[in-house]
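S.K.:
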Amino acid sequence: PLEATRIRLVSEPGFANGLVPGFTKIARQEGLAAFYSGFGPILFKQYVLPPFPLCPWLMDFRVPYTMTKFVFYEKVSEFAYSNFFDKAKTSDAMQTTINLGSGLIAGFAAAIVSQPADTMLSKINKTKGLPGESNTSRLIKIGRELGLRGSFSGIGARLFMVGAMSAGQFAIYGEYPALLGAFMFAN
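Quick note: to get my numbering, add 575 to the position in the sequence shown (first position is 1).
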């Protein structure tokens, strides 16, 4: 319900003055079911089939958004250390740089994998369904209207946002064991 209200407030700036008035307006005008119209896309976003040319080691698995990030992070950093750097001899600054770069690429992968579901989530929460129209039929209609190309609209901004956020998260993730004096993934 809060996500549906937030999306409506962002997509329609004059819709309401804040979260509580927006929530109330949706409930009054569209009913409580309107809050759950995006539930399917949220599940799809969290549990999607990745495009296999981008990640052949995940070809036949359904992988959540977060797992996509972790798998790509691990594979990219593993590639960097096995082909370019000796982890034992790499400086702390270079390890942080590798974490940032691996996190950036992982964020890009997660953004690409989840973009169609995120676009559908935004679209379904932006518009009111016709009387008697099910969420499934609305999603099918939105999917047909968008097409493959349209489902990736806004990907540039999303790549920037998710890539930067993931790079920061994985820089922290990579530094955390050192801060605790622990060794992760010791060889």
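Backbone N, C-alpha and C define an ideal beta-carbon position, used for all residues, glycine too. Treat the numbers as computed from the prediction; the structure is a model and nothing was measured.
1. Please determine if the segment 681-696 and the segment 584-598 are in contact, where contact requires at least 3 C-beta pairs separated by less than 8 Å.
2. At the level of alpha carbons, what is the spacing between Phe654 and Lys703?
3. So, is Pro631 buried or exposed, given that buried needs 16 or more other C-beta atoms within 10 angstroms?
4. Return the CA-CA distance between Ile730 and Leu723, expressed in angstroms with no decimal places.
5. Between which two residues does the alpha helix (DSSP H) harbouring Leu675 extend?
6. Just confirm the distance between the C-beta atoms of Ser612 and Asn674, as a whole number of angstroms; I'd bet it's less than 8 Å.
7. Thinking just about the alpha-carbon of each residue, which of Phe598, Glu578, Thr672 and Arg719 is nearest to the one in Ala746?
8. Would you check if the distance between the CB atom of Ala732 and the CB atom of Gly682 is smaller than 8 Å?
9. Helix, strand or coil, according to DSSP, for Asn592 in the structure here?
10. Could you check what DSSP says for Lys644 in three-state terms: helix, strand or coil?
M.R.: Put simply:
1. No, the segment 681-696 does not touch the segment 584-598.
2. Answer to the nearest angstrom: the Cα atoms are 47 Å apart.
3. Its pLDDT being 45, under 50, Pro631 is placed unreliably in this model, and the value from its coordinates should be taken loosely. Around the beta carbon of Pro631, fewer than 16 other beta carbons lie within 10 angstroms, which makes this residue exposed.
4. Looking at the two C-alpha atoms, the distance is approximately 12 Å.
5. First-last of the alpha helix (DSSP H) with Leu675: Asp667 to Lys701.
6. Between Asn674 and Ser612 the Cβ distance is about 38 Å, and since that is not below 8 Å, they are no contact.
7. The shortest Cα separation from Ala746 among Phe598, Glu578, Thr672 and Arg719 belongs to Thr672.
8. Ala732 is not a Cβ neighbour of Gly682, given a cutoff of 8 Å.
9. Three-state result, Asn592: coil.
10. It is helical.
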